[in-house]
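Visitor: Each residue of the sequence shown is one higher than the last, beginning at 26 in our numbering. Yeah, the Cβ is synthetic: ideal placement off N, Cα and C, and Gly gets one too. Source: prediction; values computed, not measured. Quick one: the structure is below, questions incoming.
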Amino acid sequence: MLSLNVKNETSRLRAVVLGTAVSNGPTPTLDEAYDPKSLEHIKAGTYPVEPDMIKEMDAFNAVFEKYDVKVYRPEIINNYNQIFSRDIGFVIDDTFVKANILPDRERELEAIQYIIDQMNPAKVVRPPQEVHIEGGDVMVWNDHVFIGTYKGSDYKEYITARTNMEGVDYIKKLFPHKIVKEFDLVKSKIEPRDNALHLDCCFQPVGTDKGIIYKSGFREEADYMYLVNLFGMDNLFHIEREEMYHMNSNVFSIAPDVVVSERNFTRLNNWLRSKGITVEEIPYAEIAKQEGLLRCSTLPLIRD
């Protein structure tokens, strides 16, 4: 049986679900795009192709092998995008929460059912239908759970609004011992530079007390200041609009002192190294064209 344990974003990783780009399917039509960045690349004819994405995910997998992390992969669904395993579920402490994702993507959960079957059934939960919540919006940080949401009255009109306040309330009830803090995120259906699809598009902790943050990803200054006060201004690496567009906050921690990052994130990678963190650089710029990156591709199951 899998003994699930995730208490923060950076403790030493032992087991993870890594998505797959195998049999990814054809380039989506404009109507099928889930986010403005994919839409931009579909229109430009620069949407990523399967061999390039497989190569990038193989590079990610090789880093996990180097650090002796147990890697699970989804069962292959023919002609279907299964890269972003983070969306479909998440672990808080020892509990696996199945995400209520976009209905079109329900099959992705079925593809990891063989992993869920190895968990204690009493520790696997599925929120009720009215609860929308995706793993990219949920971050466990010791006694905190950070959750990205969208509080606009036009929530239903935004395919980029993925986690609702019902989702926040559900986590509060499920984990009453945690400080659950929601963050109202900036959303756009048409401009990827102004769209925080999930919380990890504009914030992520690294190390034991540091974080990467994009101030303009938060609709409320108070939400941004909450993180500044919690982490300290000197411990936060502020990314710029273009860096947010390229997903600089969407790196992935294997340990407090090991971060997997995109090789083109020069400014960020230099900062991480200056803080004593080993940076494992890999190519991931093609997958980034779908408005997701390294954290989005992973679903951690066990950390120390």
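1) For a quick check, are the C-beta atoms of Ala124 and Ile113 less than 7 Å apart?
2) Where do the ends of the beta strand (DSSP E) carrying Tyr175 lie?
3) Short of 7 Å in beta carbon distance, which residues of its chain neighbour Asn273, apart from the five on each side in sequence? Order them along the chain.
4) Could you compute how far the alpha carbon of Gly301 sits from the alpha carbon of Glu65?
5) Could you tell me the boundaries of the alpha helix (DSSP H) in which Met26 lies?
6) Quick check: the Cα distance between Glu316 and Pro308, rounded to an integer number of angstroms?
7) Here's the rule I'm using: 16 or more other beta-carbon atoms within 10 Å means buried, otherwise exposed. How should Met78 be labelled?
8) Name the two residues that bound the continuous alpha helix (DSSP H) containing His157.
9) Among Leu224, Lys206, Arg328 and Ile204, which residue has its Cα nearest to the Cα of Lys240?
10) Could you tell me whether the Cβ atoms of Thr233 and Val41 are closer together than 7 Å?
11) Which residues mark the beginning and the end of the beta strand (DSSP E) in which Tyr97 is found?
12) Along the chain, where does the beta strand (DSSP E) containing Leu210 start, and where does it finish?
13) With respect to the beta strand (DSSP E) encompassing His263, which residues constitute its N-terminal and C-terminal limits?
14) Could you check the C-alpha separation between Val284 and Lys235 for me, to the nearest Å?
15) Using the three-state DSSP reduction, which class does Asp225 fall into: helix, strand or coil?
16) Which residues in the same chain have their Cβ closer than 6 Å to the Cβ of Val221, if we skip the five residues on either side of it in sequence?
17) So who's on the other strand from Arg328, going by DSSP bridges?
Guide: Put simply:
1) yes
2) Segment: none, Tyr175 is in no beta strand (DSSP E) and carries neither H nor E.
3) Ile237, Ile264, Phe290 and Leu293
4) 37 Å
5) Counting along the chain, Met26 falls outside any alpha helix (DSSP H), and DSSP gives it neither H nor E.
6) Cα to Cα, the separation comes out at about 15 Å.
7) buried
8) Neither: His157 is in no alpha helix (DSSP H) and is coded neither H nor E.
9) Leu224
10) no
11) First-last of the beta strand (DSSP E) with Tyr97: Lys95 to Tyr97.
12) Per DSSP, Leu210 belongs to no beta strand (DSSP E) and is neither H nor E.
13) Looking at the DSSP string, the run of the beta strand (DSSP E) that includes His263 is Leu261 to His263.
14) Annotation: Val284 to Lys235 spans about 12 Å, alpha carbon to alpha carbon.
15) helix
16) Note that residue 221 is Ala in the sequence shown here, rather than Val. These residues qualify, in order along the chain: Leu210, Val211, Cys227 and Gly242.
17) Leu38
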